[in-house]
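> Following this message is one structure expressed as structure tokens.
Numbering (this note's numbering), first residue to last: 461 to 560.
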């Protein structure tokens, strides 16, 4: 959000900057909302969607065409989200099998 406000305050308006900010905010909100659902929804429901959001975050710099350092940050954070979701999915599977 700060990038968006700063770029418009300086008179620099570029559609790519707006797309990058909207993409980052929307993806972040989706990831947070799915993490909150962990509390209320049965296991193994939200992790696949978190993985999809992480993959989107990692590949969106190439689709939107922006470079470093934002590209590197989005790739690293996206990979981190995918890894954490995969670990959580694996743990949920073990918990379900142990309770049988």
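We put the CB at the ideal spot given by N, CA and C, even for glycine. In this text the structure is predicted, and so the values were computed from the model without any measurement.
Taking 7 Å as the limit between beta carbons, can you name the residues of its chain near residue 506, skipping five residues before and five after?
Along the chain shown, read from residue 1 onward, the residue named residue 506 stands at position 46. Here the set comprises 494, 497 and 498.
> Measure the alpha-carbon distance for residue 539 versus residue 500 and round it to whole angstroms.
For the purposes of this step, residue 539 is identified with residue 79 of the chain shown, where counting begins at 1. For the purposes of this step, residue 500 is identified with residue 40 of the chain shown, where counting begins at 1. Each residue's Cα considered, the two are about 25 Å apart.
> Where does residue 542 fall in DSSP's three states?
To locate residue 542, count along the chain shown from 1; it is residue 82. Helix, per DSSP.
> Could you check the C-alpha separation between residue 492 and residue 504 for me, to the nearest Å?
Numbered from its first residue, the chain shown carries residue 492 at position 32. Numbered from its first residue, the chain shown carries residue 504 at position 44. Distance between the alpha carbons of residue 492 and residue 504 is about 16 Å.
> Kindly give me the distance between the Cβ atoms of residue 487 and residue 516, rounded to whole angstroms, as I take these residues to be in contact under 8 Å.
As a first step, residue 487 is located in the chain shown; it is residue number 27 there, counting from the start. As a first step, residue 516 is located in the chain shown; it is residue number 56 there, counting from the start. Between residue 516 and residue 487 the Cβ distance is about 6 Å, and since that is below 8 Å, they are a contact.
> Curious, which full-length alpha helix (DSSP H) runs of at least 4 residues does the region 469-519 contain?
475-500
> CB-CB under 7 Å to residue 537, same chain, minus the five flanking residues each way: which ones, in chain order?
Position 77 of the chain shown, counted from the first residue, corresponds to residue 537. Cβ neighbours of residue 537 beyond the five flanking positions: 517.
> Which word fits residue 514, buried or exposed, when buried means at least 16 other C-beta atoms lie within 10 angstroms of its C-beta?
Within the chain shown, residue 514 is the residue found at index 54, counting from 1. By the 10 Å Cβ count, residue 514 comes out buried.
> Taking the alpha carbon of residue 483 as the point to measure from, which residue in 550, 525 and 509 has its own alpha carbon closest?
Stepping through the chain shown from its first residue, residue 483 is reached at position 23. Measuring from the Cα of residue 483, the nearest candidate turns out to be 525.
> Tell me whether the beta-carbon of residue 549 lies closer than 9 Å to the beta-carbon of residue 508.
Taking the first residue of the chain shown as position 1, residue 549 is located at position 89. Taking the first residue of the chain shown as position 1, residue 508 is located at position 48. Yes, the Cβ-Cβ distance between residue 549 and residue 508 is below 9 Å.
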